[in-house]
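K.L.:
In our numbering, the protein residues as written are 5 to 321. Note that beta-carbon positions come from the ideal geometry of N, C-alpha and C, so glycine has one too. Predicted model, so just to flag it, every value in this text is computed and none were measured. Dropping a structure here in structure tokens format, bear with me for questions.
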Amino acid sequence: MQSPYSTAQLVSYLKSLALPPSYGRYIPAPWTFPQTEEALTVLFRCQLTRYPYENLALHNSSSDPVSLEPDALYQRMLGANDADPIGRGGYCLEVSIFFYYILRGLRSQVYMTGARNRDRQDGAPVGEFKGWVHIVNIVQLPTGARLHLDAAFGGDGPTSPLPLISGHAVRNLGMQEVRLVLDSIPHQSRTDQKMWIYQYRNGPEKEWMSFYCFAELEWFPDDFEVINRFTSWEVRERGNVIAVRFLRSGEKGHYTRYCAPNAVDCAGADEVRVVGKIMMVNHLLKINMGDRTQVIQEFDPKTQQAEILEKWFSISL
């Protein structure tokens, strides 16, 4: 399947990422972007820190559900004319399907698949794995290695592509580690049908916690149209308005006052390092710079939400 996006659209996307200087040569010819784990890590982190996870369209859209059509997704991320980006991202289906089309345009061997989430209690996953309500991208490199790319799991998502190697832990934000484990889930009757389980722990002495699981079956855009109807309804029913953006090293903004006094940017010229995340959840604005999450402002959503989104997320409604 070819990407629905033109070369000009792919060029505009790559320009929007503020890629490291050595990647500038690939911008005029997006199909030449390197298909290596190192290069895809740079791309993934730029995507993650440029296009936030947010569910604003689900609450503000006049249509039900929100559109997952390629042109609608592109305009939501980059604006109507490519020259006026509005800082928007989307919820998991919007961002990950958009990223899938981008990866196709970069000639990645990529496919999408659905994931089963667990409910959360006080931020931690609890209970059984529920129905298909999430999405991940799987990329196969020319070497044969496979990578899991989840660009839209909010503040609990990975900040790097994860190899499909069972038990291989990767350092995430701060002391957090994430990994994929190939195993069956508790209520399966066919335990021979293994699932990849996305897990995290907040330190080497902590217990691994399972957030979601997925199989290796390829899903198509029409499959996600089905679950989009449910997730659009569910988000509105729960009523939580959320925006999460990861922060990259060297980035300027209001968040810098929360950096550690002696913090050193150790990212090389060709690297992108994720150093924190800014989160809006209903009436609370929170930040985490790698150690702990702190509330930095409580506000009135009716009168101050637009100001918060503009100031901290560069989102113009």
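Touch check for the stretch 203-212 and the stretch 170-189: three-plus C-beta pairs under 8 Å?
P.N.:
yes
K.L.:
Taking 8 Å as the cut-off, does the stretch 273-284 touch the stretch 47-60 (at least 3 CB pairs, one atom from each stretch)?
P.N.:
The stretch 47-60 vs the stretch 273-284: in contact.
K.L.:
How would you write the range of the alpha helix (DSSP H) that ALA61 sits in, first residue to last?
P.N.:
Within the sequence shown, residue 61 is the residue found at index 57, counting from 1. First-last of the alpha helix (DSSP H) with ALA61: 60-64.
K.L.:
Secondary structure at VAL130, three-state DSSP: helix, strand or coil?
P.N.:
For the purposes of this step, residue 130 is identified with residue 126 of the sequence shown, where counting begins at 1. The answer is strand: DSSP assigns VAL130 an E or B state.
K.L.:
Grouping DSSP H, G and I as helix and E and B as strand, with all else coil, what is GLU211?
P.N.:
Taking the first residue of the sequence shown as position 1, residue 211 is located at position 207. In this structure, GLU211 counts as coil in the three-state DSSP scheme.
K.L.:
Out of ILE31, ASN64, LEU23 and ALA33, state which residue places its alpha-carbon closest to the alpha-carbon of SER236.
P.N.:
If you number the sequence shown from 1, residue 236 lands on position 232. Closest by alpha carbon: ASN64.
K.L.:
Flag this pair as yes or no: are the beta carbons of GLY83 and TYR9 separated by less than 8 Å?
P.N.:
In the sequence shown, the residue the question calls residue 83 occupies position 79. In the sequence shown, the residue the question calls residue 9 occupies position 5. GLY83 places its beta carbon 8 Å or farther from that of TYR9.
K.L.:
Look up GLN144 in the DSSP assignment and say whether it is helix, strand or coil.
P.N.:
Here residue 144 is taken as the residue at index 140 of the sequence shown, counted from 1. Strand.
K.L.:
According to DSSP, what are the bridge partners of TRP223?
P.N.:
Taking the sequence shown and counting its residues from 1, the one referred to as residue 223 is at position 219. As a beta-bridge residue in DSSP terms, TRP223 pairs with MET116.
K.L.:
Considering only C-alpha positions, which residue in the set ARG261, MET116 and ALA128 is nearest to ALA155?
P.N.:
Here the question's residue 155 lines up with position 151 in the sequence shown. Comparing Cα-Cα distances from ALA155 to each of ARG261, MET116 and ALA128, the minimum goes to MET116.
K.L.:
I'd like to know whether the C-beta atoms of ILE139 and LEU72 end up nearer to each other than 8 Å.
P.N.:
Residue 139 sits at position 135 when you count from the first residue of the sequence shown. Residue 72 sits at position 68 when you count from the first residue of the sequence shown. Cβ distance not < 8 Å, so ILE139 and LEU72 don't count as in contact.
K.L.:
Need the endpoints of the beta strand (DSSP E) that PHE250 sits in, please.
P.N.:
Locating residue 250 in the sequence shown gives position 246, where the first residue counts as 1. Here the beta strand (DSSP E) through PHE250 covers 246-252.
K.L.:
Measuring only the C-alpha atoms, how far is GLU255 from LEU77?
P.N.:
Residue 255 sits at position 251 when you count from the first residue of the sequence shown. Residue 77 sits at position 73 when you count from the first residue of the sequence shown. Whole-angstrom Cα-Cα distance: 26 Å.
K.L.:
Leaving out the 5 sequence neighbours to the left and right, which residues in its chain are closer than 7 Å to ASN286 when beta-carbon positions are compared?
P.N.:
On the sequence shown, position 282 is the one that residue 286 refers to. Hits under 7 Å: ASN244, VAL245 and PRO305.
K.L.:
DSSP state of ASP138, grouped into three classes?
P.N.:
Taking the first residue of the sequence shown as 1, we reach residue 138 at position 134. Contrary to the premise, residue 138 reads as His rather than Asp in this sequence. DSSP places HIS138 in strand when its eight states are reduced to three.
K.L.:
What is the DSSP secondary structure of LYS256, counted as helix, strand or coil?
P.N.:
Along the sequence shown, one-based indexing puts residue 256 at 252. Coil.
K.L.:
Among PRO167, THR307 and ARG233, which residue has its Cα nearest to the Cα of LEU186?
P.N.:
On the sequence shown, residue 186 is found 182 positions in, with the first residue counted as 1. Ranking PRO167, THR307 and ARG233 by Cα distance to LEU186 puts PRO167 first.
K.L.:
Using the Cβ count rule (16 or more neighbours within 10 Å means buried), how would you classify VAL230?
P.N.:
Mapped onto the sequence shown, residue 230 falls at position 226. Exposed, by the Cβ-count rule.
K.L.:
Taking 8 Å as the cut-off, decide whether the C-beta atoms of GLY91 and ILE282 are in contact.
P.N.:
As a first step, residue 91 is located in the sequence shown; it is residue number 87 there, counting from the start. As a first step, residue 282 is located in the sequence shown; it is residue number 278 there, counting from the start. Result no, Cβ atoms of GLY91 and ILE282 do not sit closer than 8 Å.
K.L.:
For the alpha helix (DSSP H) that LEU177 lies in, which residues bound it at each end?
P.N.:
By one-based count along the sequence shown, residue 177 stands at place 173. LEU177 -> no alpha helix (DSSP H), and no H or E assigned at all.
K.L.:
Distance check for PHE234 and LEU60, CA to CA, integer angstroms please.
P.N.:
The count along the sequence shown starts at 1 and reaches residue 60 at position 56. The count along the sequence shown starts at 1 and reaches residue 234 at position 230. Near 16 Å, if we compare the C-alpha coordinates of PHE234 and LEU60.
K.L.:
Consult DSSP for MET283 and reduce its assignment to one of helix, strand or coil.
P.N.:
Taking the sequence shown and counting its residues from 1, one reaches residue 283 at position 279. Reduced to three states, the DSSP call for MET283 is strand.
K.L.:
By the 10 Å Cβ neighbour count, where 16 or more other Cβ atoms means buried, how is THR163 classified, buried or exposed?
P.N.:
Within the sequence shown, residue 163 is the residue found at index 159, counting from 1. Buried, because 16 or more other Cβ atoms sit within 10 Å of the Cβ of THR163.
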